[in-house]
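Colleague: Letter by letter, the sequence shown follows residues 1 to 165 of the UniProt record's numbering. Just so you know, even glycine gets a beta-carbon here, dropped at the ideal spot from N, CA and C.
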Amino acid sequence: MGQILDKLQGKGWRQRQIRKITDKVFDVFKNETGRANLRFEDLYIAVLLVFNDINKHLPGPHFDPPSKEQVKSMMLDCDMNLDGELDREEFVRFMLQLTADTFTTVSQGLIITLAVAPTVAILTKRATEGVPGVGKVVQRLPNSVYASLVTLAIVLFQNSGQSIE
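1. Could you pull the start and end residues of the alpha helix (DSSP H) that Gly-135 belongs to?
2. Given a cut-off of 8 Å on the beta-carbon distance, is the pair Phe-94 and Phe-26 in contact?
3. Which word fits Ala-127, buried or exposed, when buried means at least 16 other C-beta atoms lie within 10 angstroms of its C-beta?
4. So, at 6 Å on beta carbons, what are the nonlocal neighbours of Val-47 in its own chain, with the 5 sequence-adjacent residues on each side left out?
5. Measuring straight from C-alpha to C-alpha, what distance separates Thr-33 and Arg-88?
6. Under a three-way DSSP split, which group does Leu-82 fall into?
7. For His-62, which residues in the same chain have their Cβ closer than 6 Å to its Cβ, ignoring the five residues on either side in sequence?
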């Protein structure tokens, strides 16, 4: 539940997550190529790797990576020293710009889950009264505990569905 609450911390959380992912990807290319900066070919492969990580680790729908033309255009915008390559800081700026919509979608999904799930749990609590064995246990639980358990179950279910894909 703590990870979910961390995700609601907003822009700071988003920037830390992007920084972790971009540093990991940048270091892989730096070690493999021996160059300090990313050329377009390396950058496009890095974009694919980052979107793969995003799709594996963040809740929400599958996000398609941008086309080569979009990457080329954004690279030109983020290449501050105009050398045709991106250094580490330019790469981070590039990824923040590239993934802005992705994190907005993820945040909206989390807010909906965390707001709707407890409401649905409380509304359905009464429906469990007639279920033998389970009904009495559910009725004894305080509403806050029951809502938290149902919300946690929904979040776990969402995450388990993503790891299967």
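Modeller: Reading off the structure:
1. Taking the first residue of the sequence shown as 1, we reach residue 135 at position 135. Counting along the chain, the alpha helix (DSSP H) containing Gly-135 begins and ends at 134-140.
2. As a first step, residue 94 must be located in the sequence shown, where it is residue number 94. As a first step, residue 26 must be located in the sequence shown, where it is residue number 26. The Cβ-Cβ distance between Phe-94 and Phe-26 does not fall below 8 Å.
3. Position 127 of the sequence shown, counted from the start, is the residue given in the question as residue 127. Under this definition Ala-127 is an exposed residue.
4. One-based indexing of the sequence shown puts residue 47 at position 47. So the list reads Pro-65, Val-71, once near-sequence residues are dropped.
5. Counting from one through the sequence shown, the residue named residue 33 turns up at place 33. Counting from one through the sequence shown, the residue named residue 88 turns up at place 88. Our two residues, Thr-33 and Arg-88, have alpha carbons roughly 14 Å apart in a direct line.
6. Sequence index remark: in the sequence shown, residue 82 carries index 82 (1-based). Three-state result, Leu-82: coil.
7. Indexing the sequence shown from 1 puts residue 62 at position 62. Within the same chain, His-62 has close Cβ partners Asn-55.
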